[in-house]
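All remarks here apply to the structure that follows.
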Amino acid sequence: IRVRRAFHEKTIRPGGTISGPTMMELADFAMYVAVFSAVGPQPLAVTINLNINFLRKPAQADLIADAKLMKIGKRLAVGDVWLYSDGVDEPVAHVTSTYSIPNQK
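Here is the structure:
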């Protein structure tokens, strides 16, 4: 899936870069959408791991997240997310994430 977060000056930290928490928020949301699109709404599904590697300074532009699920099991979903500055081909961050899927009773 692909999601976009509109640029806002409030997300800029000292040094003129988009803050890490802003990028992590977008990656987590992208995984949320990917997981729920695969397994349906699960109110108790939660992120149990999120690892982010910051690769380069993002531009002061919209952020784009491309998320892909690598494995969907009965209890866990694992995926990765690549983050990009709008209009730039090189990624600004790479994220791996795991979601816990509640028992389907």
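Per our numbering: the sequence shown = residues 4 to 108.
Cβ atoms here follow ideal geometry from the backbone N, Cα and C, with glycine treated the same way.
Just reading off the beta strand (DSSP E) that Asp-92 is part of, what are its end residues? If you number the sequence shown from 1, residue 92 lands on position 89. Here Asp-92 belongs to no beta strand (DSSP E), and DSSP marks it neither H nor E.
Name, in chain order, the residues that DSSP records as bridge partners for Thr-101. Residue 101 sits at position 98 when you count from the first residue of the sequence shown. Answer is Asn-52, Val-81, bridged to Thr-101.
Let me know the secondary structure DSSP gives Leu-47 once reduced to three states. In the sequence shown, the residue the question calls residue 47 occupies position 44. In the three-state reduction of the DSSP assignment, Leu-47 falls in the coil class.
Residue span of the beta strand (DSSP E) that contains Leu-58, given as start and end: Residue mapping note: residue 58 aligns to position 55 of the sequence shown, counting from 1. First-last for Leu-58: undefined, no H or E at that position.
Alpha helix (DSSP H) containing Asp-31: first to last residue? In the sequence shown, residue 31 corresponds to position 28, counting from 1. Under the DSSP assignment, Asp-31 falls in the alpha helix (DSSP H) whose first and last residues are 23-42.
In angstroms, rounded to a whole number, what distance separates the CA positions of Ala-9 and Lys-77? Taking the first residue of the sequence shown as position 1, residue 9 is located at position 6. Taking the first residue of the sequence shown as position 1, residue 77 is located at position 74. Taking the straight line joining both Cα atoms gives about 34 Å.
Once you ignore the five residues that flank Leu-30 on each side, which residues in its own chain have a CB closer than 8 Å to its CB? Walking along the sequence shown from the start, residue 30 turns up at place 27. One detail in the question is off: residue 30 reads as Ala in this sequence, not Leu. Leu-53, Ile-55, Ala-68, Ala-70, Val-84, Leu-86, Ala-96, Val-98, Ser-100, listed in sequence order.
Pick from Gly-18, Glu-12, Ser-88, Leu-79: whose alpha carbon is nearest that of Arg-5? Within the sequence shown, the letter at position 2 stands for residue 5. Closest by C-alpha distance to Arg-5, out of Gly-18, Glu-12, Ser-88, Leu-79, is Ser-88.
Tell me whether the beta-carbon of Gly-82 lies closer than 7 Å to the beta-carbon of Leu-72. Stepping through the sequence shown from its first residue, residue 82 is reached at position 79. Stepping through the sequence shown from its first residue, residue 72 is reached at position 69. Yes. Within cutoff.
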